[in-house]
Structures are given as C-alpha cells and as structure tokens.
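Chemist: Residue numbers (my numbering), protein chains in the order written: chain A, 5 to 488; chain B, 35 to 453. C-beta: ideal position from N, C-alpha, C; glycine also. Below is a structure I'd like to ask you about.
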C-alpha cells in the first residue's frame with residue numbers, strides 16, 4: 005500500500021498509531037527544546053512508569069531555558085527569514101526575543117512591537133529588526149511582509165493590480181496596508197547616530213491605479229481588509245497599524261496556523277501565506293478552534309504550544325507522524341548532544357571565527373565556541389536569507405559537510421565526556437544501547453545490535469575508529485536528519 | 035501529517051522521485067522529458083559578462099557614426115559580417131556562431147535586471163522563477179552524470195547558490211566554484227576503505243528507516259550523499275596541474291580565461307549546465323580604454339573554447355550562450371563612458387541546435403534602437419530550451435497546484451537561429 009493510501013486509510017478508521025515513548029520524547033524535545041535529549045534523559049523517560057509522563061515532560065520542557073531559545077530561533081527562521089541588515093545586531097534581536105518567550109509575553113504584544121518600534125526606546129529597539137533589516141525599511145517590502153507573515157496573504161501581485169489568480173487579493177487591500185507604511189523611512193538619529201525607523205503623518209488618502217487601467221484612479225486611506233478606513237490625517241499611521249493588526253481576525257488565524265505548522269510540518273492552511281477562499285484549510289474546525297483558543301487566552305504562546313503538542317495529531321506514530329527536517333540550529337545542538345561535545349564547546353571561549361572565510365576555504369580556523377558553531381551550521385544547513393524554510397530541502401553541500409568537515413570528525417574522536425569514549429568504556433549489548441539512545445533516542449532492535457557487534461569485530465580497524473564510524477552513520481542517517 | 039503523506043510523488047518511480055525532492059515544490063507536469071533525451075544529452079554553457087558588455091565594441095560596431103567610438107570594424111569569417119576590431123580571434127569563428135543584434139529588454143538597472151534577465155523575465159505569478167541553470171537542471175537532469183547538474187564558476191567565494199533555484203527549491207541551486215576552486219568539504223579526511231565502511235552502515239540505517247516511514251525523505255537525503263560521493267571521486271576536475279601549457283596560453287591566465295577552461299573540463303566530464311560569470315563590465319566611465327582591456331579577456335578564450343568544443347565534437351551537444359544583462363548606451367557620456375542600454379544590444383549563441391554563421395536582427399544606423407526583429411529575453415529562453423530539446427509550449431512547472439509556463443507564453447523562440 006502506498007504511503008498516501010495507508011495514511012488515508014488510517015485517518016478514515018481513526019487508527020493512526022500513537023507514537024512510542026521514545027518517538028515522542030525525541031520529537032517533543034526537539035520541538036520545545038531545540039535539541040535531541042541526552043541518553044541519560046532518554047533512559048530515565050523510558051523507564052518512568054508514570055502514565056502522565058508525557059504531559060509532565062511537556063510542562064518541564066515549556067519551563068526550560070531551551071524553550072525560549074527554540075522559539076526565538078523558530079521565529080527568526082519563520083518571520084525574519086534569517087535576513088540580516090545590520091541595523092540591529094543579530095545578537096540583540098535574539099536576546100530580546102528569548103526574553104519575550106521566557107516571560108511568555110503575549111504574541112500580540114511581541115508582534116505589535118515589531119511593527120510599531122521606531123528604535124528610539126531601548127527596551128523595544130531590537131523589535132525594529134523585522135521591518136528595518138528584514139524589509140530594509142522599504143514601504144513596499146514592509147507591506148508585503150506584513151501581509152504575508154501576519155495576515156497569511158501574499159499580496160505581491162496586488163501591488164500593481166488585482167491578483168490574477170486569487171480573487172480575494174485586491175490591489176485596494178495592498179494599497180490600504182501600504183497607506184499605513186508609506187510615511188515610514190529609515191534614517192540616522194542625529195543624536196545617537198543609530199538607524200531609526202521614523203514615520204510622518206498620513207496626511208491624506210493615497211491615490212493608485214491598476215497597471216491594466218492606468219487612467220482609472222482610486223483612493224484609499226490606511227485600511228486593513230474588512231476594517232473601516234482610518235480617518236486622515238493620522239499622526240502615526242504605523243503605530244495605528246500595529247494596534248489594528250493584532251486585533252484583526254486574520255492575524256489570530258494566521259498566527260495559530262503558523263504555530264501549528266511549526267510543530268506539524270504543514271499548515272492547516274498551506275502554503276502559509278496563501279490563505280484565501282480558493283485555498284481552504286484542510287480542517288476548518290481545527291483552525292477555528294486553535295484560533296479561538298489563542299485569542300481567548302490573550303495570545304498565550306505557551307498555552308497554544310501546549311495544546312498543539314498535547315493533541316492526538318502531534319502524538320501520532322509511524323507513517324502518520326508529523327515529519328519535518330531538523331532546522332540548522334536543531335542540527336547543531338543535536339550533533340553536539342549526540343557526540344557528547346556540547347559541554348566542551350559551551351565552555352570554549354569565542355575566537356576570531358569567520359564562517360564565510362571558513363566555508364570558502366580562505367581560513368583554516370575551525371569554530372570553537374558555541375555561537376561560532378551555530379553560525380557555521382546555519383550557513384551550511386539554513387536556507388539563503390529571505391527564503392522561507394518549508395519542507396525538506398537537503399543539498400549535496402549538507403552531505404559533504406557531515407562527511408568531511410573537520411569539526412564533525414573531531415567530535416567523533418575519543419574525548420573526555422565524548423560519545424566514543426563513553427562507548428568504549430562499555431561492552432556487549434550496552435554499547436549498542438548507549439549508541440542508539442545517544443544518537444537516535446531509542447533502543448536498538450536485534451538486527452541493529454548484531455550490526456554494531458559485527459562492526460566492532462571487524463579486523464583492521466581500532467575499536468574507537470569503529471565506534472566513530474557507527475556513530476557517524478547514525479548521525480548521517482535520515483532518521484537523525486528528520487524530526488518525526 | 036508528513037509531506038510524504040498526500041503528495042503526488044508516490045505514483046512515480048524512485049528515479050523520478052530523486053529528481054522531485056520531498057515536498058510539494060517544483061513538480062513537473064511532463065517529467066519524461068529527460069527520458070526522451072537519454073540518447074543524446076545536451077548541455078549548456080552560459081557565459082555571463084556582468085555589468086553589460088558594449089554591443090558597439092563587440093558584435094554590432096558602428097564605426098564612423100556619432101556614437102561609434104574609436105574602434106574599427108573588421109571582417110569576420112562570414113562574408114559581409116563585420117565585428118569590432120576588439121574581437122580579432124572571435125571574428126575568425128563567426129561562421130560557428132549565431133549573433134543576435136536585436137535584443138530589446140526592459141530593465142536598465144543591475145539590481146533588478148540581473149535577476150530578471152537570468153530568470154527569463156517571467157510573468158509575475160507570485161513566485162520567484164529559477165535562473166536558467168536551475169531551470170535546465172530541473173528539466174533535464176537525469177542524475178547519472180555523477181556530477182552536480184548546475185555549476186557556476188565565478189570570482190570570489192565558493193558555496194551553494196540555493197536562491198538561483200527560486201521556487202524549485204534549494205536542491206536545484208548551483209554549486210559555486212569560487213575562482214574555480216572545489217568546495218572545501220570535497221577533501222575527505224579518511225581512507226576510501228573507511229569511507230565505504232561508514233557509508234554502508236549509513237545506507238543500512240536508511241534502509242531500515244525507509245520501511246517504517248516511506249521513501250520521499252530517504253530518497254532526497256540519500257541522493258545528496260550519492261552526489262557528494264560521486265563528486266569526491268572526481269577531484270581531478272579541479273586539479274589545475276593537469277592543464278597544459280598550450281591550453282593556458284590559448285585561454286589566458288586571467289580569471290575569465292581560466293574559468294572558461296575549467297568550464298570546458300566540467301562539460302567534458304558531463305556537467306549539464308555550466309555558467310561562467312565575469313564581473314566589472316559596467317563601463318560608465320572610460321568605456322573605450324576599459325573595453326580595450328576587457329575584450330581580449332573574452333575574445334581569445336571564447337575563440338579557444340569554440341575551437342575546443344568543435345574539435346571534440348561537443349558543439350553537437352553543447353549550447354553556448356554569451357551575454358550580459360543589457361548592452362551600453364550608444365550615446366557617449368561626459369566621462370567617455372557608456373551607460374545601461376536595454377533598448378538595443380547583442381548576444382551570441384553557438385552549438386547544439388543552433389545555426390552557424392548567421393546574424394539575426396539589425397539596429398538603426400546610430401545603434402540607438404532595434405530596426406528589425408526585436409527579441410526579448412523570453413525569446414532567448416525559448417531558444418535555449420528548444421536547442422536542448424525541451425518544448426516550452428508543452429512543458430510546465432507545477433507549483434502549489436498551479437501550472438507555470440517555463441518561458442514567457444507570449445513569446446516564442448528566435449526561429450532564425452534554430453537549426
């Protein structure tokens with residue numbers, strides 16, 4: 005039976021298998037903590053007889069520092085799309101977001117600051133990054149980003165005319181949104197010399213015409229779809245947009261859809277920025293329920309996340325499991341965790357590492373500190389800036405990196421606390437168990453135990469080299485590459 | 035639910051699946067094009083002179099006119115056809131070329147023009163179209179050359195240019211060889227024997243995972259290792275010590291010459307699409323001195339390349355395209371420069387499916403406008419697709435359920451150059 009047929013059959017009968025404890029542990033630790041669990045954590049969870057252990061695990065992860073870090077990375081990938089313009093240093097943006105998720109700041113407030121921040125107040129200055137660096141402070145790019153990222157409507161075509169294929173996407177909608185933003189511009193603050201995203205008043209309505217009928221002029225004041233036009237003159241239109249946007253029903257719906265995507269690998273509405281009547285959600289009731297719950301909770305992200313990962317769809321196993329590739333950040337943390345190198349790297353002082361020079365062969369200096377390692381993984385496994393990361397898009401360069409980068413090979417050599425050293429201290433079945441728990445977060449089956457024993461019994465290879473090969477093969481496998 | 039669940043991919047064979055990539059992006063409605071061409075794989079070499087080569091100092095000289103500049107026109111190997119005296123070597127190969135003198139495109143800024151021209155100026159469908167190399171890789175790659183289908187040789191840094199692929203997805207991006215150098219991770223640190231041992235363990239792990247989870251993700255990730263291992267076995271392609279002295283002399287020791295030679299070697303090895311990029315052709319000031327310096331860097335190696343391809347019988351299979359994002363203004367500015375001019379410019383084609391020794395189109399006597407047969411970049415895409423055996427009117431990308439034309443559907447090929 006094909007996977008499609010099998011999947012459909014299981015759905016029809018409501019018999020999608022539940023994920024095993026091991027499967028669930030790996031999945032949820034990656035999703036909420038940004039890394040695979042250690043072998044000790046895996047062993048403890050698997051041995052725990054508590055029937056409520058999955059719920060407790062979710063609570064524990066949601067309260068851990070890993071959660072804020074993971075959400076910060078996910079938002080950087082999904083909303084900033086790894087774009088970096090240098091107006092706000094990446095580090096400041098990360099710290100700002102991490103703090104927001106740590107304190108569980110409501111999602112509407114996080115987004116409101118992203119739209120409204122002009123960069124003048126210290127506490128919200130980093131939030132300016134989305135529009136200042138992501139959209140380069142350009143009113144048309146800001147319009148497109150806000151519509152596609154927060155309203156789930158990619159209005160690119162509607163800049164010049166009504167969308168040719170999507171009936172719902174009108175030029176008037178684009179222009180209504182644009183009218184909130186066309187008074188915004190980046191400039192250097194005369195006092196601090198730092199870039200700020202200032203705005204002038206929307207003095208009057210803006211005029212526009214379709215390129216197909218340039219003689220026919222239209223007018224609009226700032227306006228969100230379905231809302232009334234804003235009275236002009238409006239002194240601070242972008243600030244007004246921020247307030248109105250987060251109260252817009254499409255904002256709540258698109259946000260709920262995006263968080264669902266983050267954990268399920270596919271939006272209820274998919275593609276995420278193509279929400280319109282011709283592309284309905286796969287399960288409208290589900291999306292309505294998620295959206296309503298999110299609004300009622302006051303945009304409580306932790307609560308929404310808990311609801312999604314506690315649900316039956318997220319908890320499915322086998323072929324019905326939600327499946328998505330590990331992000332660049334998850335790859336970095338997981339390879340570090342699997343090889344037992346995390347502690348060592350986390351302690352290393354930052355050097356003068358340049359990922360660009362390293363990857364173009366201009367420097368032989370490998371990264372040592374955690375941030376540098378992360379940057380290298382992002383440059384290898386991340387998409388190009390501005391390219392959404394949706395679906396599995398592996399490339400040969402990813403494979404070459406895992407095969408031949410000195411860093412990976414180093415991490416698979418014997419070292420204090422390292423995986424290979426830990427394995428070489430064990431014998432018999434304990435080797436295969438520790439290996440599989442460390443890398444794949446599960447116990448090996450009988451064939452896998454045999455395979456490990458055979459590889460260790462091979463002549464001509466030292467035991468430690470053979471252990472390194474075994475570990476490499478699992479890290480390089482599809483099972484490791486995916487979160488399933 | 036996983037992507038593997040509910041996709042249309044399942045009906046296809048594993049071979050086709052390898053070309054499809056997990057996920058919905060970049061499917062094809064006519065996936066058997068590649069199979070139809072199995073017997074005679076066509077390849078493409080695109081030479082991209084970034085910034086804009088002057089048509090007046092190359093293929094369409096206008097000596098003795100107001101805007102003609104100081105250089106003479108010289109006779110070429112085709113009676114009656116003259117080219118700039120800055121192309122003495124290429125002039126002798128015009129009988130192998132098809133020159134289009136009536137290019138008329140729209141964008142006159144680099145920032146928009148470069149991307150738009152290289153994506154074939156597609157009608158806006160709300161998606162980012164692929165560059166020509168990614169498009170050809172998607173449409174023609176059979177995955178059996180043992181090499182990445184789309185390689186870019188350029189000055190500067192190496193890496194992977196995922197964004198070239200647009201909506202087709204990163205897999206169809208370009209492997210970039212900065213200054214012709216191989217990617218750093220091509221250098222393996224372990225013996226062949228160890229490599230085989232760990233790869234067979236990896237394959238065994240993937241085979242087990244496949245049973246529980248289906249094929250799509252495993253095929254996509256396995257395909258990456260297959261390509262990586264194949265490329266690692268071809269390190270000699272990047273070994274400059276095997277270049278002969280005579281080759282070095284004919285192609286020149288400057289970057290463009292070395293990169294064109296590297297391109298020939300990659301084409302010989304079976305790379306489907308090679309693009310050689312050269313920068314600094316943007317001659318807003320001192321146009322004539324700059325072209326005097328720049329033109330020999332393309333003239334001689336281009337001639338050498340045409341000769342080599344011809345001698346090896348490769349002109350039968352390889353389509354060669356030499357172009358920029360636009361030409362340069364006939365009017366000479368106050369700094370003795372020429373500015374951007376998409377209104378009337380030239381490019382050259384050669385090789386598979388292309389007529390030899392033809393000149394298409396004509397500009398007005400002062401070179402400021404196209405007088406006959408204007409062609410846009412969409413026509414060029416149609417022409418190259420045709421030359422490699424793809425029928426653009428029958429082949430579509432499938433993206434999010436939308437059928438997308440692979441080339442402008444309001445345009446067709448430049449019929450005069452198609453053999």
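With 16 as the cutoff for other CB atoms within 10 Å, does residue 314 of chain B come out buried or exposed?
Modeler: Residue 314 of chain B is exposed by the Cβ-count criterion.
Chemist: CB residue 110 of chain B to CB residue 407 of chain B, shorter than 8 Å?
Modeler: No, the Cβ-Cβ distance between residue 110 of chain B and residue 407 of chain B is not below 8 Å.
Chemist: Return the Cβ separation of residue 102 of chain A and residue 73 of chain A in integer angstroms, given the expectation that the two are a contact with Cβ distance under 8 Å.
Modeler: With 8 Å as the limit, residue 102 of chain A and residue 73 of chain A qualify as a contact, their Cβ atoms being about 6 Å apart.
Chemist: Of the choices A:52, A:88, A:36 and A:42, whose alpha-carbon is the least far from that of residue 69 of chain A?
Modeler: Comparing Cα-Cα distances from residue 69 of chain A to each of A:52, A:88, A:36 and A:42, the minimum goes to A:36.
Chemist: Check whether the Cβ atoms of residue 320 of chain B and residue 390 of chain B lie closer than 8 Å to each other.
Modeler: Cβ distance not < 8 Å, so residue 320 of chain B and residue 390 of chain B don't count as in contact.
Chemist: To which residues of the same chain is residue 211 of chain A closer than 6 Å at the C-beta, ignoring the five residues directly before and after it?
Modeler: Only 221 and 223 meet the Cβ criterion.
Chemist: Where does residue 80 of chain A sit, in a helix, a strand or coil, going by DSSP?
Modeler: Correct three-state label for residue 80 of chain A: helix.
Chemist: What ranges does the alpha helix (DSSP H) occupy inside the segment 180-250 of chain A, keeping only unbroken runs of at least 4 residues that lie completely in it?
Modeler: The qualifying runs are 241-249.
Chemist: Using a beta-carbon distance cut-off of less than 7 Å, what residues from the segment 374-404 of chain A approach chain B?
Modeler: The residues in question are 387, 388, 391, 395, 396, 397, 398, 399, 400, 401, 402, 403 and 404.
Chemist: In terms of alpha-carbon separation, which member of A:270, A:204 and A:277 lies closest to residue 244 of chain A?
Modeler: Nearest of A:270, A:204 and A:277 to residue 244 of chain A, Cα basis: A:204.
Chemist: Of all the CB atoms in chain A, is at least one closer than 8 Å to the CB of residue 51 of chain B?
Modeler: At residue 51 of chain B, the pLDDT of 31 sits below 50, so the modelled position is not reliable; the number obtained from the coordinates is stated separately. False, the Cβ-Cβ gap to chain A never drops below 8 Å.
Chemist: So with CB distances below 8 Å, who are the chain A contacts of residue 228 of chain B?
Modeler: What residue 228 of chain B touches in chain A: 465, 469 and 473.
Chemist: As a quick exercise: from A:194, A:132, A:304 and A:264, pick the residue whose alpha carbon is nearest that of residue 286 of chain A.
Modeler: Minimum Cα distance to residue 286 of chain A is reached at A:264.
Chemist: For residue 250 of chain A, which of A:188, A:111 and A:104 has the nearest alpha-carbon?
Modeler: With distances taken between Cα atoms, residue 250 of chain A lies closest to A:111.
Chemist: Is the shortest distance between the beta-carbon of residue 196 of chain B and the beta-carbons of chain A less than 8 Å?
Modeler: Closer than 8 Å to some Cβ of chain A, the Cβ of residue 196 of chain B qualifies, so yes.
Chemist: Do residue 86 of chain A and residue 137 of chain A have their C-beta atoms within less than 8 Å of each other?
Modeler: Result no, Cβ atoms of residue 86 of chain A and residue 137 of chain A do not sit closer than 8 Å.
Chemist: Applying the 10 Å Cβ sphere with the 16-neighbour rule, what's the burial state of residue 215 of chain A?
Modeler: Answer is exposed; the Cβ neighbour count stays below 16.
Chemist: Taking the alpha helix (DSSP H) that residue 473 of chain A belongs to, which residues open and close that run?
Modeler: Taken as a continuous stretch (DSSP letters only), the alpha helix (DSSP H) holding residue 473 of chain A covers 467-479.
Chemist: Using a C-beta cutoff of 8 Å, does residue 280 of chain A count as contacting chain B?
Modeler: False, the Cβ-Cβ gap to chain B never drops below 8 Å.
Chemist: Indicate whether at least one CB of chain B lies closer than 8 Å to the CB of residue 365 of chain A.
Modeler: By this cut-off, residue 365 of chain A is an interface position.
Chemist: Buried or exposed: residue 237 of chain A, going by 16 or more other Cβ atoms within 10 Å of its Cβ?
Modeler: Residue 237 of chain A is exposed by the Cβ-count criterion.
Chemist: Does the separation of the CB atoms of residue 448 of chain B and residue 134 of chain B fall below 8 Å?
Modeler: Taking 8 Å as the Cβ cut-off, residue 448 of chain B and residue 134 of chain B qualify as a contacting pair.
Chemist: Quick check: is the beta carbon of residue 455 of chain A nearer than 8 Å to any beta carbon in chain B?
Modeler: Output row for residue 455 of chain A: interface = yes.
Chemist: In terms of residues, what are the limits of the beta strand (DSSP E) holding residue 184 of chain B?
Modeler: Where residue 184 of chain B is concerned, the enclosing beta strand (DSSP E) stretches over 184-188.
Chemist: Using three-state DSSP, classify residue 275 of chain A as helix, strand or coil.
Modeler: In this structure, residue 275 of chain A counts as coil in the three-state DSSP scheme.
Chemist: Rounded to whole angstroms, what's the CA-CA distance from residue 57 of chain B to residue 303 of chain B? Just pull it up for me.
Modeler: Reliability of the predicted coordinates at residue 57 of chain B is poor, the pLDDT of 34 falling under 50, and no value is obtained from them.
Chemist: Distance check for residue 359 of chain A and residue 434 of chain A, CA to CA, integer angstroms please.
Modeler: C-alpha separation (whole angstroms): 38 Å.
Chemist: Could you give the distance in angstroms between the alpha-carbon of residue 118 of chain A and the alpha-carbon of residue 266 of chain A?
Modeler: Approximately 20 Å between the Cα atoms of the pair.
Chemist: Grab me the residues of residue 168 of chain A's own chain with a C-beta within less than 7 Å of its C-beta, minus the 5 sequence neighbours each way, in chain order.
Modeler: Around residue 168 of chain A: 161.
Chemist: Along chain B, in chain order, which residues have C-beta atoms closer than 7 Å to that of residue 75 of chain A?
Modeler: Going along chain B, no residue has its Cβ under 7 Å from residue 75 of chain A, so there is no contact; the nearest lies around 23 Å.
Chemist: Around the C-beta of residue 94 of chain B, are 16 or more other C-beta atoms found within 10 angstroms, so that it is buried, or is it exposed?
Modeler: Classification of residue 94 of chain B: buried, given that the 10 Å Cβ count is 16 or more.
Chemist: Buried or exposed, going by whether 16 or more other CB atoms sit within 10 Å of the CB of residue 130 of chain B?
Modeler: Buried.
Chemist: Can you name the residues that DSSP bridges to residue 283 of chain A?
Modeler: According to DSSP, which records beta bridges pairwise, residue 283 of chain A is partnered with A:280.
Chemist: Just reading off the beta strand (DSSP E) that residue 433 of chain B is part of, what are its end residues?
Modeler: Element bounds for residue 433 of chain B: 430-433.
Chemist: Going by DSSP in three states, residue 246 of chain B sits in which element: helix, strand or coil?
Modeler: Note: residue 246 of chain B maps to helix in three-state DSSP.
Chemist: Could you tell me which chain A residues have their CB closer than 9 Å to the CB of residue 144 of chain B, listed as they occur along the chain?
Modeler: Per Cβ cutoff of 9 Å: no residues; residue 144 of chain B is ~17 Å from chain A at best.
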